[in-house]
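A short write-up of the structure that comes next.
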Amino acid sequence: DEFSIWFLSKENDPEEKFNELELRDALLKALKKLEKIEALVIQLYYVEELNVYEIAKILELTNGRISQIKSIAIKKLRNEIKNII
């Protein structure tokens with residue numbers, strides 16, 4: 183019917199898929215520019231879903247230092263992605 187278009191998944195939208203791939207590519211490029219420790223903290227936090235306390239224990243750093251590294255890395259990623267896109 184005429185309203186079924188409103189319920190179409192955005193996954194089928196080619197433009198949406200292109201934008202998603204472009205963002206993913208930009209993120210990968212930005213991640214490669216991070217310091218090794220920054221990339222590791224980001225991976226442990228967002229991919230492995232560890233919390234700051236767990237990461238600090240693994241890397242033998244303080245919770246505060248892990249939070250600081252994560253914040254710096256996120257700021258770098260945002261700036262890098264802004265420049266790429």
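To convert, count from 1 in the sequence shown and add 182; that's the working numbering.
Glycine is no exception: its CB is placed at the ideal position from the N, C-alpha and C atoms.
The region 207-242 contains no complete beta strand (DSSP E) run of 3 or more residues. Per the C-alpha coordinates, the member of Glu220, Ile263, Ile266 and Glu262 positioned closest to arginine 247 is Glu220.
Here leucine 216 really is in contact with lysine 258; their C-beta atoms are around 6 Å apart, less than 8 Å.
Taking C-beta atoms under 8 Å as the contact rule, isoleucine 266 and valine 223 fail to qualify, at a distance of about 21 Å. Taking the CA atoms as reference points, lysine 214 sits about 25 Å from glutamate 198. Only residues of its own chain outside the window of five on either side were considered, and among them Leu259, Glu262 and Ile263 have a CB closer than 6 Å to the CB of alanine 212, listed in chain order.
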